[in-house]
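Worksheet for the structure shown next.
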Amino acid sequence: MLLKKRTFLAGAATIAALTALSTGAALAQDKTKVGFIYVGPINDGGWSQHHHESALKMVEEIGEDKVELVYQENVPEGPDSERAMTQMALQGADIIFSTSFGYMDPTLNVAGKFPDVKFEHATGYKTSDNMSAYSARFYEGRAVQGTIAGRMTQSNIIGYIASVPIPEVVRGINSAYIHAKKVNPDVEFKIIWLYTWMDPAKEADAAKTLIDQGADVILQHTDSTAPLAAAKEAGGVIGFGQAGDMADYAPSPRVSSIIDNWAPYYISRVEAVMDGSWESHSVWEGIGDGMVGIGEITDAVPEDVKAEALAMKDAIASGEYHPFTGPLKKQDGSDWLAEGEVADDGTLAGMMFYVEGIEGSVPQ
Amino acid sequence: MDFSSINPALLLASLMVASTAVLIAAIGELIVEKAGVLNLGVEGMMITGAICGFIVAVTTGSPLLGFVAAAVGGAVLSLLFGVLTQLALANQVASGLALTLFGLGLSALMGQSYVGIKPPSTPKLDLPLLSDIPFLGTVLFRHDLMVYVGIALVAATWAFLKYARAGLILKAVGENHEAAHALGYNVVRIRFMAICFGGACAGLGGAYISLIRVPQWTEGMTGGVGWIALALVVFASWKPWRVLLGAWLFGGVTVLQLNLQAAGIAIPAEYLSMSPYLITILVLVIMSFDRSGAPASLGRTFHASQ
Chain Y
0 MLLKKRTFLA GAATIAALTA LSTGAALAQD KTKVGFIYVG PINDGGWSQH HHESALKMVE
60 EIGEDKVELV YQENVPEGPD SERAMTQMAL QGADIIFSTS FGYMDPTLNV AGKFPDVKFE
120 HATGYKTSDN MSAYSARFYE GRAVQGTIAG RMTQSNIIGY IASVPIPEVV RGINSAYIHA
180 KKVNPDVEFK IIWLYTWMDP AKEADAAKTL IDQGADVILQ HTDSTAPLAA AKEAGGVIGF
240 GQAGDMADYA PSPRVSSIID NWAPYYISRV EAVMDGSWES HSVWEGIGDG MVGIGEITDA
300 VPEDVKAEAL AMKDAIASGE YHPFTGPLKK QDGSDWLAEG EVADDGTLAG MMFYVEGIEG
360 SVPQ
Chain A
0 MDFSSINPAL LLASLMVAST AVLIAAIGEL IVEKAGVLNL GVEGMMITGA ICGFIVAVTT
60 GSPLLGFVAA AVGGAVLSLL FGVLTQLALA NQVASGLALT LFGLGLSALM GQSYVGIKPP
120 STPKLDLPLL SDIPFLGTVL FRHDLMVYVG IALVAATWAF LKYARAGLIL KAVGENHEAA
180 HALGYNVVRI RFMAICFGGA CAGLGGAYIS LIRVPQWTEG MTGGVGWIAL ALVVFASWKP
240 WRVLLGAWLF GGVTVLQLNL QAAGIAIPAE YLSMSPYLIT ILVLVIMSFD RSGAPASLGR
300 TFHASQ
């Protein structure tokens, strides 16, 4: 027994020594280790690819001699992500970015276990001493998209491929609808929920179904280019790039896109870790801050519509216009925002209701 | 709620498209199981076929060559399963599961540089007179060749199993491999051929997804269709026409639920999303109450010395 205890103690001492050694080595190298967790493959052409490209840009900007990038792709939301992050933290990551909504609680748990590691969670709302939340105001881009969609549709039917029922997606639907309706009062939205961020076969089926039902504009909140491929095949149907530019499908069916531009944020946060100024925060940046980009509006869109869309983009960027400005009612007809009133961030962050005029219900 | 926006002809037409991949894969697996072999690697062979077909179609510019390559790719992968289970006498369940995992990884590796590329489009078989028939023309005669290949495969399989001598031998091997062996048939060789056929069909089904239905390449894009194909074979009591029915049912409910969602029907989207799986299994379970058809030697290892 005694012997065993001694062995154990010796073992523990060795581990302690090793840990000290490796920390020492890390200090000597002076390289900041940055971890990324992606929900999809890094070449999905959309969400995960853009996070990864922004991460690579961050490494390039700061210098490969100063930062080391580690990442894991295709990490399922939920307990698996907790394991992946724990592993990264154990391997000595200084800061870990978890880049999908469903990583929120797992990130919070891991952040609690590793108080010295900094955590950054995308698109969520929970924070702690060493966990920040960052997100982009994609609904600002949706307002521009809705304007183009409302002007471009001939059939007055706009198809919307929705992914997972969380506030971010619902917000996007509402914003697109409000602005399509504003320029075209006859417009109607058909919405299909797929319960996945990325499944090309399902996305293609959904796009075809919407087109069969008369939609000639397809908006998507899923990450693959399959809906654009379906739009191209059908002919006479337009769509938008999501998360990435999806420029392969320009000038038509892809007439514009919403681009996530995370690189400036990643650069500033990693630098903050390096100079010790990192503090937990919760930020929500939009077109004005450069986190949300509007991809080039192609020639498939008439000049006046393009000008109108760009004017909307500029007004949002300057803060002159807020996409959720009253008068607006909720779907059940109850009042939400009075004339001229602007939605507060709290309501937007938890938005799980449709605005007046959208049919169907938000899955709960 | 507005049902008028759902066009029944287009609905039936997209049903045919949505069911083709699962149909072709299932009919291949039916032959394999009729020969007494349980290959759970359908998903792996499908995804390998999907990428093989995609690569060849993109490099040569010919979708037809792509489909040929998909069939070859699926068959080659199934040979691995054949060697393991028929020659090395490994456990079929474990080997099949391993094949699926292997196929998923292999296809991801092969497809690294093919993401985001558009494949050449497969021409639709536009039959001049037939496709102009109102309603029926849209439903039946405006599809790509593979839709008809799928249905022809069902008919051929049915006829093969019922009338052909080789079909009877195949069934004999699946029902009682010792007896078939005693009669002088080479059980291992027959099973090898069945496994290859199953692999080729799975490959074709996979390529249908990557070349026609989506069409593009993404990792894991078959998304569990192989497992549905496996379930269809069992619930269809190993009968070809019931496999067709099950595939149509699955494809039909899949597109119907999307149509209902788009039409804004008041059923919650969650229930609609799970309905294809639920309804297909329910109907086929009810139909399979006669308990006929399970090949008696299914999943059992055979060696001539036993």
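Heads up: the protein sequence lines correspond to chains Y and A, in order.
Under numbering that gives the first Met the number 0, read the first sequence as residues 0 to 363, first letter to last.
Under numbering that gives the first Met the number 0, read the second sequence as residues 0 to 305, first letter to last.
Note that beta-carbon positions come from the ideal geometry of N, C-alpha and C, so glycine has one too.
Interface flag, residue i vs chain Y, CB-CB below 8 Å
i, result
"residue 38 (chain A)", "no"
"residue 220 (chain A)", "yes"
"residue 146 (chain A)", "no"
"residue 260 (chain A)", "yes"
"residue 73 (chain A)", "no"
"residue 278 (chain A)", "no"
"residue 141 (chain A)", "no"
"residue 102 (chain A)", "no"
"residue 167 (chain A)", "no"
"residue 94 (chain A)", "no"
"residue 58 (chain A)", "no"
"residue 32 (chain A)", "no"
"residue 18 (chain A)", "no"
"residue 115 (chain A)", "yes"
"residue 300 (chain A)", "no"
Secondary structure of residue i, DSSP reduced to three states
i, result
"residue 324 (chain Y)", "strand"
"residue 265 (chain A)", "coil"
"residue 120 (chain Y)", "strand"
"residue 261 (chain Y)", "coil"
"residue 70 (chain Y)", "strand"
"residue 28 (chain A)", "helix"
"residue 283 (chain Y)", "strand"
"residue 341 (chain Y)", "strand"
"residue 33 (chain Y)", "strand"
"residue 316 (chain A)", "Residue 316 (chain A) lies beyond the stretch modelled for chain A, which goes from 0 to 305, so this question has no answer here."
"residue 46 (chain Y)", "helix"
"residue 187 (chain Y)", "strand"
Local Cβ density within 10 Å of residue i, reported as buried at 16 or more and exposed below that
i, result
"residue 23 (chain Y)", "In this prediction, residue 23 (chain Y) scores a pLDDT of 43, lower than 50, which makes its location untrustworthy; no coordinate-derived value is stated."
"residue 267 (chain Y)", "exposed"
"residue 134 (chain A)", "exposed"
"residue 249 (chain Y)", "buried"
"residue 192 (chain Y)", "buried"
"residue 313 (chain Y)", "exposed"
"residue 273 (chain A)", "exposed"
"residue 80 (chain Y)", "buried"
"residue 288 (chain A)", "exposed"
"residue 245 (chain A)", "buried"
"residue 111 (chain A)", "exposed"
"residue 152 (chain A)", "buried"
"residue 42 (chain Y)", "buried"
"residue 59 (chain A)", "exposed"
"residue 162 (chain A)", "exposed"
"residue 302 (chain A)", "exposed"
"residue 333 (chain Y)", "exposed"
"residue 351 (chain Y)", "exposed"
"residue 277 (chain Y)", "buried"
"residue 189 (chain Y)", "buried"
CB contact below 8 Å: residue i versus chain C
i, result
"residue 272 (chain A)", "Reference to chain C is not applicable here, since the protein chains of this structure are Y and A."
Minimum Cβ-Cβ distance from residue i to chain A less than 8 Å
i, result
"residue 359 (chain Y)", "yes"
"residue 349 (chain Y)", "no"
"residue 224 (chain Y)", "yes"
"residue 192 (chain Y)", "yes"
"residue 209 (chain Y)", "yes"
"residue 355 (chain Y)", "no"
"residue 42 (chain Y)", "yes"
"residue 158 (chain Y)", "yes"
"residue 166 (chain Y)", "no"
"residue 252 (chain Y)", "no"
"residue 233 (chain Y)", "no"
"residue 86 (chain Y)", "no"
The ligand NAP heavy atom lying under 7 Å from the CB of residue i
i, result
"residue 187 (chain Y)", "Of the ligands one can find in the structure shown there are none, so the ligand NAP has no counterpart to examine."
Go through the region 286 to 312 of chain Y residue by residue and report every complete run of the alpha helix (DSSP H) that reaches 4 residues or more, in order.
DSSP runs (the alpha helix (DSSP H)) wholly in the region 286 to 312 of chain Y: none.
Contained beta strand (DSSP E) runs [length at least 3] in the region 119 to 167 of chain Y, N- to C-terminal order
130 to 135, 156 to 161
I'd like the ranges of any alpha helix (DSSP H) spanning at least 4 consecutive residues and lying wholly in the region 193 to 271 of chain Y.
Listed in chain order, the complete alpha helix (DSSP H) runs (minimum 4 residues) inside the region 193 to 271 of chain Y are 199 to 211, 225 to 233.
Note down, in chain order, all residues in the region 48 to 62 of chain Y with a beta-carbon under 7 Å from any beta-carbon belonging to chain A.
Residues passing the 7 Å Cβ filter: none.
Against chain Y: residues of the region 195 to 206 of chain A by CB proximity under 9 Å:
none
Ranges of the alpha helix (DSSP H) found wholly within the region 193 to 272 of chain A, counting only runs of at least 4
224 to 234, 239 to 261
By the 8 Å beta-carbon criterion, what residues does the region 312 to 325 of chain Y contribute toward chain A?
none
Which ranges would you report for the alpha helix (DSSP H) in the region 80 to 113 of chain A if only whole runs of at least 4 residues count?
Segments of the alpha helix (DSSP H) lying fully in the region 80 to 113 of chain A: 91 to 109.
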